[in-house]
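There are 2 protein chains.
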Amino acid sequence: MPEEKKISMAVIRRLPRYFRYLHDLLKLDIKRISSRELSERMCITASQIRQDLNCFGGFGQQGYGYNVESLYNEISRILGVDKRFTCIIVGAGNMGTALANYENFKKRGFDIVAIFDVDPAKIGGKINGIDIYSMDTLEDFVKQHKVDIAMLTVPNRTITEVAEKVTSVGIKGIWNFSPHELRLGEDVVVENVHLSDSLMVLGYRLRSKGY
Amino acid sequence: MPEEKKISMAVIRRLPRYFRYLHDLLKLDIKRISSRELSERMCITASQIRQDLNCFGGFGQQGYGYNVESLYNEISRILGVDKRFTCIIVGAGNMGTALANYENFKKRGFDIVAIFDVDPAKIGGKINGIDIYSMDTLEDFVKQHKVDIAMLTVPNRTITEVAEKVTSVGIKGIWNFSPHELRLGEDVVVENVHLSDSLMVLGYRLRSKGY
DNA sequence: TAGATTGTTAATCGATTAACAATC
DNA sequence: TAGATTGTTAATCGATTAACAATC
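If you read the protein sequences in the order shown, they are chains A and B. Be aware that the first sequence starts at 1, since it is given in the UniProt record's numbering, and climbs by one per residue. Be aware that the second sequence starts at 1, since it is given in the UniProt record's numbering, and climbs by one per residue.
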């Protein structure tokens with residue numbers, strides 16, 4: 001990526017948040033915003049906003065602030081929402097079904113083109129218009145279609161095997177919904193959604209407040 | 001909470017991870033482990049493990065390491081997996097359905113006792129044996145049952161209203177699946193699951209590797 | 001006892017915040 | 001021009017890592 005030097009994960013994880021807030025400002029028909037105003041809305045410091053944005057370039061103007069539309073476009077470009085990713089879902093259970101039905105992903109550039117499962121009762125069916133195929137056909141499918149991301153919503157006991165299978169056929173991005181950590185090659189990018197971890201942290205925080 | 005002084009969020013968010021690894025070690029019938037061995041398994045430094053654990057007390061023994069079972073019990077107690085939380089799901093869509101069917105939550109102390117929705121076609125039905133009630137009856141329900149946590153899987157445009165409703169009836173814990181940030185009272189604990197943020201970060205990281 | 005490993009203090013590193021000169 | 005606000009450097013803060021005395 002020609003996106004300059006090394007951007008810290010802390011900054012990267014804030015990008016979608018900037019994107020959301022700018023999207024809202026656009027919809028509110030607000031034309032310009034200063035780092036101070038945005039900091040009040042987002043509950044972070046103006047300093048941090050200016051530091052974060054300057055990782056990618058000087059998008060503002062002294063004495064004026066930032067043009068909302070052009071900043072939104074810049075953040076969109078940085079996040080690559082114009083680029084498209086081809087995705088498959090592995091595991092047609094409840095979570096897989098929820099993901100397949102989630103319309104926002106397509107808007108953000110993520111196209112779900114197929115679902116895979118081992119259950120003969122599910123294979124051949126569709127979810128939200130997307131075909132469910134047998135796991136046995138995954139390799140052939142990936143040979144014929146470029147697949148960027150596998151969304152893994154399989155049972156915990158099969159996650160390691162499935163993750164190895166999808167990476168062995170060349171998929172580089174894994175969206176992992178199992179609690180297990182995946183140890184895969186250096187070239188594979190894994191994003192974890194650890195639901196029970198999140199819930200346990202909520203429980204801890206509630207108890208530490210005395211509830 | 002009598003859990004000593006101030007524990008940083010960074011440490012708290014690592015607790016479920018320790019919990020998982022210790023659970024696995026127990027199942028592997030491993031009796032003792034040193035911070036060095038655990039650090040290799042978890043891919044973090046032994047120093048960090050010792051620092052983290054010492055936020056809560058000295059669970060180890062010089063020259064020996066940590067007893068897996070007793071450390072597991074300590075972490076369980078800290079995370080409060082023995083304590084029970086009463087939860088409701090608001091929004092019986094695909095994500096709500098997925099959560100209602102997720103059996104692990106109960107094992108971790110989170111009991112889902114009711115689901116609420118506005119759709120007359122869904123009200124009166126059940127998901128995984130849990131009744132779906134009308135949103136109009138939420139207030140009465142919470143008056144009759146102590147509810148600790150509301151899991152919010154409602155459409156984005158209604159999230160603010162729903163979050164205000166559940167907090168106004170005294171629910172202190174919110175598990176928020178909408179992309180919106182909730183601005184609620186100081187006494188309310190919110191954990192966010194921002195799925196599209198996570199996916200966008202995955203996309204960013206893939207592109208920054210040149211895929 | 002000798003070896004191993006913790007608990008804990010000190011050093012380092014990185015991220016956040018403050019400050020301000022540059023400039024629109 | 002005067003006022004406002006950025007871009008950027010410096011200061012602070014917090015988290016991670018290293019080191020080692022204590023001790024099992």
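The beta-carbon is built from N, C-alpha and C at its ideal position, and this holds for glycine as well.
Look at Ser76 (chain B) here: in three-state DSSP terms it is helix. When 7 Å is used as the limit between beta carbons, Ile89 (chain A) is near no residue of chain B, the shortest such separation being about 12 Å. Within the stretch 46 to 131 of chain A, the complete alpha helix (DSSP H) segments of 4 residues or longer fall at 46 to 54, 68 to 79, 94 to 101, 104 to 107, listed in chain order.
Taking a Cβ-Cβ cut-off of 8 Å, Glu37 (chain B) has no neighbours in chain A, whose nearest Cβ is about 16 Å from it. The C-beta distance from Leu26 (chain B) to Glu69 (chain B) rounds to 6 Å, short enough to meet the 8 Å contact threshold.
By the rule that beta-carbons nearer than 8 Å mark a contact, Thr158 (chain B) does not touch chain A. Think of a sphere of 7 Å around the beta carbon of Asn101 (chain B): the chain A residues whose beta carbon falls inside it are Asn94, in chain order. Using a Cβ-Cβ cut-off of 8 Å, Ser196 (chain A) counts as an interface residue toward chain B, since at least one Cβ of chain B sits closer than that to its own. Closest in alpha carbon position to Ile33 (chain A), among A:Thr137, A:Gln61, A:Val169, A:Val162, is A:Gln61. For Val154 (chain A), the secondary structure class from DSSP, reduced to helix, strand or coil, is coil. From the beta-carbon of Arg108 (chain A), the residues of chain B found nearer than 9 Å are Ser196, Leu199, Met200, Gly203. Neighbours of Ala121 (chain B) in chain A, taken as residues whose beta carbon is under 9 Å from its own, are absent, since the nearest beta carbon is some 16 Å off. In the structure shown, the three-state DSSP call for Glu164 (chain A) is helix. The Cβ atoms of Gly109 (chain A) and Gly129 (chain A) do not sit closer than 8 Å to each other. The residue among B:Val166, B:Lys209, B:Gly203 with its C-alpha nearest the C-alpha of Val189 (chain B) is B:Val166.
With respect to Asn94 (chain A), Ala98 (chain B) sits close: the two C-beta atoms are nearer than 8 Å. Less than 8 Å divides the Cβ of Ala163 (chain B) from the Cβ of Ile174 (chain B). Counting only the Cα atoms, Pro179 (chain B) lies some 30 Å from Tyr21 (chain B). For the stretch 9 to 38 of chain B, the residues whose beta carbon sits under 8 Å from a beta carbon of chain A are, in order, Ile12, Arg13, Leu15, Pro16, Arg17, Phe19, Arg20. Contact annotation: Ile171 (chain A) and Val193 (chain A) have beta-carbon atoms that are not nearer than 8 Å. Closest in C-alpha terms to Val113 (chain A), from the list A:Ile89, A:Ile44, A:Gly124, comes A:Ile89.
If you draw a straight line from the Cα of Cys87 (chain B) to the Cα of Tyr64 (chain A), it is about 48 Å long.
The DSSP-derived three-state label of Ser134 (chain B) is strand. For Gly203 (chain B), the enclosing alpha helix (DSSP H) starts and ends at 195 to 208.
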